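*Asks:* The working numbering puts the first residue of the sequence shown at -16, with every later residue one more than the last.
Ideal Cβ placement from N, Cα and C applies to all residues, glycine included.
Note that the structure is predicted; figures quoted are calculated from it, not measured.
Sending over a structure as structure tokens; questions will come in a sec.
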Amino acid sequence: MKKTIGHRGVDPTGETTYKKTTSSALKGAIQLGIAHTVGSLSQKAERDVLMQDFVVVESIFFPSEGSNLTPAHHYSDFRFKTYAPIAFRYFRELFGIRPDDYLYSLCNDPLIELSSSGASGSLFYVSSDDEFIIKTVQHKEAEFLQKLLPGYFMNLNQNKRTLLPKFYGLYCVQAGGKNIRIVVMNNLLPRAIPMHLKYDLKGSTYKRRASPKECEKNRPTFKDLDFIQDVPEGLLLEPDNYNALCKTIQRDCLLLQSFKIMDYSLLVGVHNVDQAFRDRVADSRANEGPVTPDQRRPQAQKALYCTALESIQGEARGKGTTDSEDHMGGIPARNSKGERLLLYIGIIDILQSYRFVKKLEHSWKALVHDGDTVSVHRPGFYAERFQRFMCNTVFKKIPLKPSPSKKSRAGCQSVVRRGLPATAMPPSGAGNTVMDARLVYRPHLQPGEGEGESGVPCGRPDILLRTPENRAAGSELAEANYSTSSLGSRSSPPLRSVGVEVHKPATTEQEQNVPHRAEARGVDEQSSNQDAVSLKDIIPETNI
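In structure tokens, the structure reads:
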């Protein structure tokens, strides 16, 4: 029996078809067409991209018997169209993809068909080196991408740190009276790296759960409600990566909102490093052999800015960032169990514009359900909900451990509290005012210097408490200091009190030896309310 999902179907022989064209014929036509268009494009001189380059369409006919420009092949006759070849050549150069590498990846070995087709029934092909992915798109999506190219060109020049798809080419195969449009993009989930979990997240909750048929697959793609249920603690990132990721999502959402784009998703692939290591150890024990380096580290992708880590950092490997043994292009993270993870993420399905049909879909779903929870929504609300869900629910920041300096400050404050005698507590009667003693720290004091058990500031032996005896001695020595300084150089600046000053309200007459609240304030030159004096106020300076 023939099964059809959109334009995708299966013929009686079991081969996949798309618009009644077999998958093998479509793959052969794609490789022949790309080889011809890239080869002919290399003969054109390089120049700046002009506005008219975004609307150029080149076409070439491929008869089965061949022609002067095309080779013979065993498929049916077809026509191959290339959209905006000059503009896409610039995009490939911007991502560091040379023409020979592009041809080698797509045309040297047969394309590999992926089993997942998505809800739209699109076909997916991946190159043998995991570098590129080819997706069939509908007519409206291809038309919208053509209109999007000038803005896409401007965004890439301004910002290479983006999670948006990297488009490398837009083509069309005309076969059997049907137009099959395809787009070449970067591959977000390399097949060489096993994904233990995979999510398609939009930030909505209306019917956002994987179907039972999807859950039966070996590697199913879960959705929003599944993530909230399975990973309630979220994916924990280092603060730097978390901030870079949230900033990248914010910029991308703002750009998509400006183009009135909605219904896009964030594809998240989770590779559990610890689980993969346990699996390798179990396999090596079963096979009685060691783990080889090739099994431990897959081959890295060659295109620039294509990995998830480069997308949020905005730096290419050629500029100093290299893939380590633990970071194979993924963003390092941890789960609630503390296991090491690598995240492969990217925004997909950005070719959905908020057109009239989507407005009708939102209106209908809003009647039968809460309008704010459905996936189809106006672009501004969709972007805000998408960003809030990703940065608050999906990704979370690993809490920082307290630094040793903070611990020392906390310990010093606890010493001050323990050193406070019970008799020093202010009375709580109706006619009494509460003591509000404030420590004023001088600029030369280091943060974290408090007071010890005796009320003397920690680490400051030159600070004495003001007592009646010290007060009398200080006044006599101050007069002597003034007379000595007046006989000396008149240009020398007056001596300044250093250390800790304690200020009390005017209504309080009791002398407190130990303050009960420490608070950083500016330098106060008044000496009438001082409860602590420096040795420099008592002993005059002498020149040795």
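For Arg261, which three-state DSSP category applies?
*Replies:* Arg261: helix per DSSP, three-state reduction.
*Asks:* Compute the Euclidean distance between the alpha carbons of Phe378 and Met311, then round it to the nearest angstrom.
*Replies:* Distance between the alpha carbons of Phe378 and Met311: 20 Å.
*Asks:* Report the residue from Leu208, Ser187 and Phe136 whose alpha carbon sits nearest the alpha carbon of Ser194.
*Replies:* Closest by alpha carbon: Leu208.
*Asks:* Measuring alpha carbon to alpha carbon, tell me which of Leu219, Tyr247 and Glu221 ends up nearest Ile232.
*Replies:* Measuring from the Cα of Ile232, the nearest candidate turns out to be Tyr247.
*Asks:* Do you know offhand how far Phe372's Cα is from Ala125's?
*Replies:* C-alpha separation (whole angstroms): 29 Å.
*Asks:* Give the DSSP-derived three-state secondary structure of Ser239 in the structure shown.
*Replies:* Checking the displayed sequence, the identity of residue 239 turns out to be Leu instead of Ser. In this structure, Leu239 counts as helix in the three-state DSSP scheme.
*Asks:* Hey, out of Gly217, Pro46 and Lys3, whose CA is closest to Ala55's CA?
*Replies:* Looking at the Cα atoms, Pro46 is the closest of the given residues.
*Asks:* Where are the beta strand (DSSP E) runs, 3 residues long or more, that stay fully inside the segment 116 to 183, in chain order?
*Replies:* Those beta strand (DSSP E) runs which fall completely within the segment 116 to 183 and span 3+ residues are 150 to 158 and 161 to 169.
*Asks:* What number of angstroms, rounded off, separates the C-alpha of Gly(-11) from the C-alpha of Ile381?
*Replies:* Using only the alpha carbons, I get a separation of about 43 Å.
*Asks:* So for Glu(-2), helix, strand or coil by DSSP?
*Replies:* Glu(-2): coil per DSSP, three-state reduction.
*Asks:* Does DSSP classify Thr20 as helix, strand or coil?
*Replies:* DSSP places Thr20 in helix when its eight states are reduced to three.
*Asks:* Leaving out five residues before and five after Val21 in sequence, what residues of the same chain have Cβ atoms less than 7 Å from its Cβ?
*Replies:* Closer than 7 Å at the Cβ level, and outside the excluded window around Val21, lie Pro82, Tyr85 and Leu86.
*Asks:* Count the other C-beta atoms from every protein chain shown that fall within 10 angstroms of the C-beta of Lys149, then say buried if there are 16 or more, exposed otherwise.
*Replies:* Buried, because 16 or more other Cβ atoms sit within 10 Å of the Cβ of Lys149.
*Asks:* Under the three-state reduction of DSSP, which class applies to Phe78: helix, strand or coil?
*Replies:* In the structure shown, Phe78 sits in coil (DSSP, three-state: anything other than H, G, I, E or B).
*Asks:* Given this structure, state the Cα-to-Cα distance separating Pro173 from Val251, to the nearest angstrom.
*Replies:* Cα to Cα, Pro173 sits roughly 12 Å from Val251.
*Asks:* Can you have a look at His19 and say buried or exposed, based on whether 16 or more other CB atoms are within 10 angstroms of its CB?
*Replies:* By the neighbour-count rule (16 or more Cβ atoms within 10 Å), His19 is buried.
*Asks:* For Leu250, list the residues DSSP reports as bridge partners.
*Replies:* In the DSSP output, where bridge partners are listed per residue, Leu250 has Asp183 and Gly329.
*Asks:* Would the segment 169 to 189 and the segment 128 to 135 be scored as touching if the rule is three or more Cβ pairs under 8 Å?
*Replies:* Segments in contact, no.
*Asks:* Alpha carbon to alpha carbon, what distance is there between Thr53 and Arg234?
*Replies:* Distance between the alpha carbons of Arg234 and Thr53 is about 44 Å.
*Asks:* To the nearest angstrom, how far is it from the Cα of Val166 to the Cα of Leu383?
*Replies:* Taking the straight line from one Cα to the other gives about 43 Å.
*Asks:* Confirm, please, whether the CB-CB distance from Leu139 to Leu249 is below 9 Å.
*Replies:* No.
*Asks:* Is the beta carbon of Arg(-9) less than 9 Å from the beta carbon of Leu106?
*Replies:* In this structure, Leu106 lies closer than 9 Å to Arg(-9) by Cβ.
*Asks:* Rounding to the nearest angstrom, what Cα-Cα distance links Tyr154 and Ala265 in this structure?
*Replies:* The alpha-carbon atoms of Tyr154 and Ala265 are separated by roughly 45 Å.
*Asks:* The alpha helix (DSSP H) with Gly363 in it runs from where to where?
*Replies:* Taken as a continuous stretch (DSSP letters only), the alpha helix (DSSP H) holding Gly363 covers Pro362 to Phe372.
*Asks:* Relative to the C-alpha of Val32, which residue among Ser59, Gly(-3) and Ile69 is closest?
*Replies:* Residue Ile69 is the option with its Cα nearest to Val32.
*Asks:* Please name the residue in Ile80, Arg361 and Glu199 whose C-alpha comes closest to that of Lys243.
*Replies:* Nearest C-alpha to Lys243: Arg361.
*Asks:* Given a cut-off of 9 Å, decide if Val214 and Leu326 are closer than it, judged by their beta-carbon atoms.
*Replies:* No; because the gap between Cβ atoms is not below 9 Å, this pair is not in contact.
*Asks:* Assign Ala227 to one of two classes, buried (16 or more other C-beta atoms within 10 Å of its C-beta) or exposed (fewer than that).
*Replies:* It is buried - the Cβ of Ala227 has at least 16 other Cβ atoms within 10 Å.
*Asks:* Cα-Cα, which of Met245, Glu322 and Glu197 is closest to Asp257?
*Replies:* When only C-alpha atoms are compared, the closest one is Glu322.
*Asks:* What's the C-alpha gap between Asn91 and Ser103?
*Replies:* Going by the C-alpha atoms only, they are around 29 Å apart.
*Asks:* Spatial neighbours of Leu334 within its chain, please: CB distance less than 7 Å, with the 5 preceding and 5 following residues excluded, ordered by chain position.
*Replies:* Only Val120, Glu124, Phe127 and Leu128 meet the Cβ criterion.
*Asks:* Look up Gly431 in the DSSP assignment and say whether it is helix, strand or coil.
*Replies:* Annotation note: pLDDT 45 at Gly431 (below 50); position unreliable, no value reported.
*Asks:* Express the C-alpha separation of Cys198 and Pro315 in angstroms, rounding to a whole number.
*Replies:* Going by the C-alpha atoms only, they are around 26 Å apart.
*Asks:* Looking at chain B, is there any beta carbon in it that lies within less than 9 Å of the beta carbon of Phe369?
*Replies:* The structure shown contains no chain B; it holds only a single protein chain.
*Asks:* Tell me the residue span of the beta strand (DSSP E) that contains Lys64.
*Replies:* Phe61 to Tyr66 is the span of the beta strand (DSSP E), which, as asked, contains Lys64.
*Asks:* What is the rounded straight-line gap between the Cα of Ser23 and the Cα of Ser336?
*Replies:* For Ser23 and Ser336, the distance between alpha carbons rounds to 33 Å.
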